[in-house]
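Asks: My questions will all concern the structure given below.
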Amino acid sequence: MSRQIITVIGGTGAQGGGVVDALLASDQFVVRVVTRNPASKSAEALEKRGVQVVKGDLIEPSSLRAAFEGAYGAFLVTNFWEPAQIENETGIAVAAVKEARDAGVQHFIWSTLPDAEKLTGGRLKLRHFTGKARADAAVEAAGFPRYTFVQAPFYFQNFLTHLAPQPLQNGGRGWAVPMDPAARVIHAGDVKDVGRAVAAAFAAGDTLRNGSYLAVCGGIYSWNDFASTLNAQGHDVQVQQVAADVYDTFFPGAPELRETFQYFEQCTYFGPERESRIAAANAVYPAGFISFSDWAKRNLAPAKKELVTA
0 MSRQIITVIG GTGAQGGGVV DALLASDQFV VRVVTRNPAS KSAEALEKRG VQVVKGDLIE
60 PSSLRAAFEG AYGAFLVTNF WEPAQIENET GIAVAAVKEA RDAGVQHFIW STLPDAEKLT
120 GGRLKLRHFT GKARADAAVE AAGFPRYTFV QAPFYFQNFL THLAPQPLQN GGRGWAVPMD
180 PAARVIHAGD VKDVGRAVAA AFAAGDTLRN GSYLAVCGGI YSWNDFASTL NAQGHDVQVQ
240 QVAADVYDTF FPGAPELRET FQYFEQCTYF GPERESRIAA ANAVYPAGFI SFSDWAKRNL
300 APAKKELVTA
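For the record, in the sequence shown the residue sitting at position 41 is 40 according to numbering that gives the first Met the number 0, with numbers rising by one throughout.
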């Protein structure tokens, strides 16, 4: 019997790439990835792994129809930080949902996040959370035979990129954050584990409750937890709390990140329904998700200290 096709939107990015990896590892589905540039090196690398690569663009919803045709399942993740999506992430997601449903997709998985604006009574907008959450209703109403929501955590990989330790005012290195560094409110995990949960959800079929929310979580941490874990592994980092108005001046986009941290402190990363949603993800992927300590041992080697001789 021929294997069913899963279409992955965002398959050349971090989260979608993890979905592709997990689907290929399961060897249960044919994987199809949508990209704006099928001639790119990343697309060519996917083809060499047996992935079907087709041209399509979230900004042009009609271009997605061919990618969804004949697919049993589809995974969608949008990218708020991409300039073309930043002002209309909800609308872009809703349009893609419609194309998938019209093409006959049977199981649709949407990568979403909590509605931070609603949870904070409008005090915090947090557009890269709220914009995704507002597309949930469209997924639910579309009429897919099966649909699932996955919620990605605060990525451990952030510590390799824009949240790598930086010089601090006191001369040390680490993080200046606009929140209580002792507040254990950050649900964090390996972005690759999102892919494992998604692949498991597709494989689960109707044994997974329709409309389930899967919150992928390697643990709940404070900034002090991150620092102490790394220091125990030979690093030398620290955390400083700074005022919100000071943080907003640090770099372009700082206000959005500051709101993110303030939301964490008020609601936790996954919000008030966190326990049931984390449990659902753990149930669909019982092998479990990697902790920060184990991830850091594999991915964050401490800098070697220079030997000083007289």
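C-beta: ideal position from N, C-alpha, C; glycine also.
Could you pull out every unbroken alpha helix (DSSP H) segment of at least 4 residues lying fully inside the stretch 250-307, listed in chain order?
Replies: Listed in chain order, the complete alpha helix (DSSP H) runs (minimum 4 residues) inside the stretch 250-307 are 253-266, 273-283, 291-298.
Asks: Hey, phenylalanine 148 and threonine 206: beta-carbon distance below 9 Å or not?
Replies: Start at 1 with the first residue of the sequence shown, and residue 148 comes out as number 149. Start at 1 with the first residue of the sequence shown, and residue 206 comes out as number 207. The answer is no: Cβ separation not under 9 Å.
Asks: Quick one: residues in its chain with C-beta nearer than 7 Å to the C-beta of glutamine 265, no 5 flanking neighbours on either side, listed in chain order?
Replies: Translated into positions along the sequence shown, residue 265 becomes position 266. For glutamine 265, where only same-chain residues beyond five positions count, the Cβ hits under 7 Å are Thr119.
Asks: I need the straight-line Cα distance from valine 190 to glutamine 168, nearest angstrom please.
Replies: Counted from its first residue, the sequence shown places residue 190 at position 191. Counted from its first residue, the sequence shown places residue 168 at position 169. Taking the straight line from one Cα to the other gives about 31 Å.
Asks: Quick one: grab the DSSP three-state call for glutamine 239.
Replies: Counting from one through the sequence shown, the residue named residue 239 turns up at place 240. Three-state DSSP puts glutamine 239 in a strand.
Asks: Can you tell me whether glycine 173 is buried or exposed, with buried defined as 16 or more other CB within 10 angstroms of its CB?
Replies: Here residue 173 refers to the residue found at position 174 when the sequence shown is read from its first residue. Classification of glycine 173: buried, given that the 10 Å Cβ count is 16 or more.
Asks: For the alpha helix (DSSP H) containing arginine 64, list its first residue and its last residue.
Replies: Here residue 64 is taken as the residue at index 65 of the sequence shown, counted from 1. Unbroken alpha helix (DSSP H) run through arginine 64: 64-67.
Asks: Check proline 60 in the structure and name its three-state DSSP category.
Replies: By 1-based counting over the sequence shown, the position of residue 60 is 61. The answer is helix: DSSP assigns proline 60 an H, G or I state.
Asks: Taking the beta strand (DSSP E) that valine 76 belongs to, which residues open and close that run?
Replies: On the sequence shown, residue 76 is found 77 positions in, with the first residue counted as 1. No beta strand (DSSP E) holds valine 76; DSSP gives it neither H nor E.
Asks: Return helix, strand or coil for leucine 207, following the three-state DSSP convention.
Replies: On the sequence shown, residue 207 is found 208 positions in, with the first residue counted as 1. Note: leucine 207 maps to coil in three-state DSSP.
Asks: Shortest alpha-carbon distance to isoleucine 347 belongs to which of Gln105, Ala70, Leu57, Val96?
Replies: Residue 347 lies beyond the stretch modelled for the chain, which goes from 0 to 309, so this question has no answer here.
Asks: Given aspartate 20, which residues of its chain have a CB within under 6 Å of its CB, disregarding the five upstream and five downstream residues?
Replies: Translated into positions along the sequence shown, residue 20 becomes position 21. Hits under 6 Å: Gly194.
Asks: Can you tell me where the alpha helix (DSSP H) holding lysine 97 begins and where it ends?
Replies: Along the sequence shown, read from residue 1 onward, the residue named residue 97 stands at position 98. Here the alpha helix (DSSP H) through lysine 97 covers 88-101.
Asks: Can you tell which of Val104, Phe128, Ala115 has its C-alpha closest to the C-alpha of arginine 145?
Replies: Locating residue 145 in the sequence shown gives position 146, counting from the first residue. Measuring from the Cα of arginine 145, the nearest candidate turns out to be Val104.
Asks: Using C-beta distances below 6 Å, list every residue in its chain close to proline 152, excluding the 5 sequence neighbours before and after it, in chain order.
Replies: As a first step, residue 152 must be located in the sequence shown, where it is residue number 153. Contacts found: His186, Ala187, Gly188, Val215, Cys216.
Asks: To the nearest whole angstrom, what separates the beta carbons of alanine 311 and asparagine 223, a pair I think is in contact under 8 Å?
Replies: For residue 311 there is no data in the structure shown, the boundaries of the chain being 0 and 309.
Asks: Helix or strand or just coil, what does DSSP make of valine 17?
Replies: On the sequence shown, position 18 is the one that residue 17 refers to. Residue 17 is actually glycine in this sequence, not valine. Residue state, collapsed to three classes: helix.
Asks: To the nearest angstrom, how far is the alpha carbon of threonine 308 from that of glycine 171?
Replies: Here residue 308 refers to the residue found at position 309 when the sequence shown is read from its first residue. Here residue 171 refers to the residue found at position 172 when the sequence shown is read from its first residue. Its pLDDT being 49, under 50, threonine 308 is placed unreliably in this model, and the value from its coordinates should be taken loosely. Approximately 24 Å between the Cα atoms of the pair.
Asks: Is DSSP giving glutamine 232 helix, strand or coil here?
Replies: Within the sequence shown, residue 232 is the residue found at index 233, counting from 1. Coil.
Asks: Is there a Cβ from chain B that is less than 9 Å from the Cβ of asparagine 36?
Replies: No chain B is present in this structure, which holds just one protein chain.
Asks: Output the distance between the C-alpha atoms of proline 164 and alanine 13, rounded to the nearest integer angstrom.
Replies: Mapped onto the sequence shown, residue 164 falls at position 165. Mapped onto the sequence shown, residue 13 falls at position 14. Taking the straight line from one Cα to the other gives about 21 Å.
Asks: Report yes if the C-beta distance between serine 41 and threonine 11 is below 9 Å; otherwise report no.
Replies: Here residue 41 refers to the residue found at position 42 of the sequence shown. Here residue 11 refers to the residue found at position 12 of the sequence shown. Yes, the pair counts as a contact, with Cβ atoms nearer than the cut-off.
Asks: Enumerate, from N- to C-terminal direction, the unbroken alpha helix (DSSP H) stretches of 4 or more residues contained entirely within the stretch 153-179.
Replies: Listed in chain order, there is nothing to give.
Asks: Applying the 10 Å Cβ sphere with the 16-neighbour rule, what's the burial state of glutamine 261?
Replies: On the sequence shown, position 262 is the one that residue 261 refers to. Under this definition glutamine 261 is a buried residue.
Asks: Between the stretch 0-10 and the stretch 62-79, do at least 3 Cβ pairs fall closer than 8 Å?
Replies: With a cut-off of 8 Å, the stretch 62-79 and the stretch 0-10 count as touching, because enough Cβ pairs lie within range.
Asks: Following the continuous alpha helix (DSSP H) through serine 39, name the residue where it begins and the one where it ends.
Replies: As a first step, residue 39 is located in the sequence shown; it is residue number 40 there, counting from the start. Where serine 39 is concerned, there is no enclosing alpha helix (DSSP H), given that its DSSP letter is neither H nor E.
Asks: Using the three-state DSSP reduction, which class does threonine 129 fall into: helix, strand or coil?
Replies: Walking along the sequence shown from the start, residue 129 turns up at place 130. Three-state DSSP puts threonine 129 in a helix.
Asks: Suppose the cutoff is 8 Å on Cβ atoms and the five residues either side in sequence are ignored; what does the same chain contact list for glutamate 255 look like?
Replies: Locating residue 255 in the sequence shown gives position 256, where the first residue counts as 1. Once the five neighbours on either side are set aside, the close Cβ partners of glutamate 255 are Leu125, Arg126, His127.
Asks: In chain order, what residues of the same chain lie with their CB nearer than 8 Å to the CB of glutamate 98, ignoring the 5 residues before and after it?
Replies: Here residue 98 is taken as the residue at index 99 of the sequence shown, counted from 1. Here the set comprises Pro60, Ser61, Leu63, Arg64, Phe67.
Asks: Pop quiz: proline 37 and valine 18 are said to be a contact at Cβ under 8 Å. What is the actual Cβ separation, rounded to whole angstroms?
Replies: The count along the sequence shown starts at 1 and reaches residue 37 at position 38. The count along the sequence shown starts at 1 and reaches residue 18 at position 19. Contact doesn't hold; Cβ gap of about 18 Å is too wide.
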